[in-house]
Amino acid sequence: MNVLILGSGGREHAFAWKIAQSKKLENLYIAPGNAGTAHCGTNVNISATDFEAVKALVWEKGIDMVLVGPEDPLVKGIHDYFLQDEVLKDIPVIGPKKDGAQLEGSKDFSKQFMIKHGVPTAAYQSFTKANVEEGKKFLETLKPPFVLKASGLAAGKGVLIIDDINEAKKELENMLLDAKFGDASSTVVIEEFLHGIELSVFVLTDGKSYKILPAAKDYKRIGEGDTGLNTGGMGAVSPVPFADEAFIKKVEEKVVIPTINGLRKENIDYRGFIFIGLMNNNGEPSVIEYNCRMGDPETEVVIPRIKSDFLDLLEGVATQTLDKKSFETVNETATTVVIVSGGYPEDYEKNKVVTGIDSNEGSHVFHSGTKQDGDKVLTSGGRVFAITSFGTSIQDAVNKSFKNAEKITFDKKYYRKDIGKDLMNWGK
Ligand code: AMP
Ligand code: GLY
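Numbering-wise, the sequence shown is residues 118 to 545 according to our numbering.
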């Protein structure tokens, strides 16, 4: 098979690395890719949201399957674009159509979906500028902290958690009346604050059956001890000690099955990944959000833990034969430590020369934001690398990641040195 992966992050490098190991692969292309994906296949410098350019590439290279990494092309309808095109309609796209991508693209839609299909989630109401005052009254009925969410895609910044009621009311006005997050906040979801500990569960589905992939815990804040600004994710651990078999079983029964059945009832033919952001409150799961893609950096620990041929699984999604595919995972613990550019998630500099990538031992270096410039690798993003390691324990794995993260150098590099620390003595 000739496969095209769309995207340019660590998630796409992990996909490319895994697919490159498949016996079913002939040629692999990544658009636009990064300096790391270039070692797994051929990078093509086009944007994942330039559908015309994607079409030309698919045609020129005889692509048999397209795997979409990020949410943007999915929410913008790349899968629908393929289905409506005479030339492309029979080429499978892994990732939902616009209707399914709403699970991530519209929080208002996803909350309605959860309530309708009995998926446990925080109580909520949605507001627009037509009923701001009702929104303020609704806030008064809740206990702090107050959770305000822009309904649309806001690059991971659209969620505000506020302790003070007056500040919450002010921010509600900012979002609805002053377009704080642009169009994304023309509808705002206000919901009950959930207590507990968070994790991510990933499901691969062909619309009929599903496989639950390894769960992971992400570290979202920039600072050690979970302090400072939110980022795309600074590290991840899989498996998650507080998500034992009994808990995952509960997630399957209370969340995964109602979600898959709900999609079918709504006539949404969903073929791709569902990323379920969950709160575990004393062993009871509650859904914080859905995403219509894999997580980053979670993919960099989830994919290495899949033993089976990943391309074979994706083929199962495309042909709706996922239930016939073997699915095995690796029991060892995987950790990833993300190296970022100083300043991230605010302003940071790019084009710093990277050294030491080749001197790592015992880890996989996934590139998140790099580009090749002649024989040099330069930084090109806030998150630059995800260093993934296996170990017999979280401590063992993460120590390898830290050791190799130390060897990679570029000006103003930063990484958190406490990834996994909160989980090391879990249950002991
Ligand atoms: P989301 O984009 O919906 O995942 O929200 C971003 C982050 O805000 C989540 O990962 C949680 O840490 C936090 N969060 C969102 N909703 C809630 C909630 N209802 N209760 C507590 N924390 C929340
Ligand atoms: N790491 C969180 C995400 O991919 O949304």
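In this text, a Cβ means the ideal position worked out from N, Cα and C, and glycines have one as well.
Can you give me the Cβ contacts of residue i inside the same chain, cut-off strictly under 8 Å, excluding the 5 residues immediately before and after it?
i	result
residue 157	130, 133, 134, 136, 137, 145, 147
residue 257	282
residue 297	267, 288, 291
Using a Cβ-Cβ cutoff of less than 6 Å, which residues in the same chain neighbour residue i once the five nearest sequence positions on both sides are dropped?
i	result
residue 530	456
residue 128	186, 411, 413, 416
residue 241	228, 306, 308
Taking 7 Å as the line, does the beta carbon of residue i fall inside it for any heavy atom of the ligand GLY?
i	result
residue 413	yes
residue 162	no
residue 335	yes
residue 408	yes
residue 212	no
residue 273	yes
residue 350	yes
By a C-beta neighbour count over all protein chains shown, 10 Å radius and 16 as the cutoff for buried, is residue i buried or exposed?
i	result
residue 90	Only positions 118 to 545 of the chain appear in the structure, and residue 90 is not among them; the question remains open.
residue 254	exposed
residue 219	buried
residue 511	buried
residue 517	buried
residue 431	buried
residue 247	exposed
residue 382	exposed
residue 160	buried
residue 443	exposed
residue 328	buried
residue 208	buried
residue 312	exposed
Report all residues from its chain with a CB closer than 7 Å to the CB of residue i; omit the five preceding and five following residues, and keep chain order.
i	result
residue 125	149, 150, 151
residue 453	352, 353, 414, 417, 418, 503, 504, 505, 518
residue 358	540, 543, 544
Kindly examine the ligand AMP and report whether one of its heavy atoms sits closer than 7 Å to the Cβ of residue i.
i	result
residue 282	no
residue 502	no
residue 315	yes
residue 222	no
residue 390	no
residue 311	yes
residue 342	no
residue 232	no
residue 394	yes
residue 111	Any answer about residue 111 is impossible in this case: the structure gives the chain only from 118 up to 545.
Unbroken alpha helix (DSSP H) runs of length 4 or more, entirely within the region 361-413: which are they?
-> 362-368, 374-382
Contained beta strand (DSSP E) runs [length at least 3] in the region 486-539, N- to C-terminal order | 487-490, 493-496, 500-508
Just list the alpha helix (DSSP H) runs in the region 182-242, keeping only unbroken ones of 4 residues or longer that don't cross its boundaries, in chain order.
-> 188-192, 195-200, 215-222, 224-233
Taking the runs of the alpha helix (DSSP H) that are 4 residues or longer, which of them lie wholly in the region 251-278?
-> none
Could you name each continuous beta strand (DSSP E) segment of 3 residues or more that falls completely within the region 291-349, going from the start of the chain to the end?
-> 305-308, 314-322, 327-329, 338-340, 344-347
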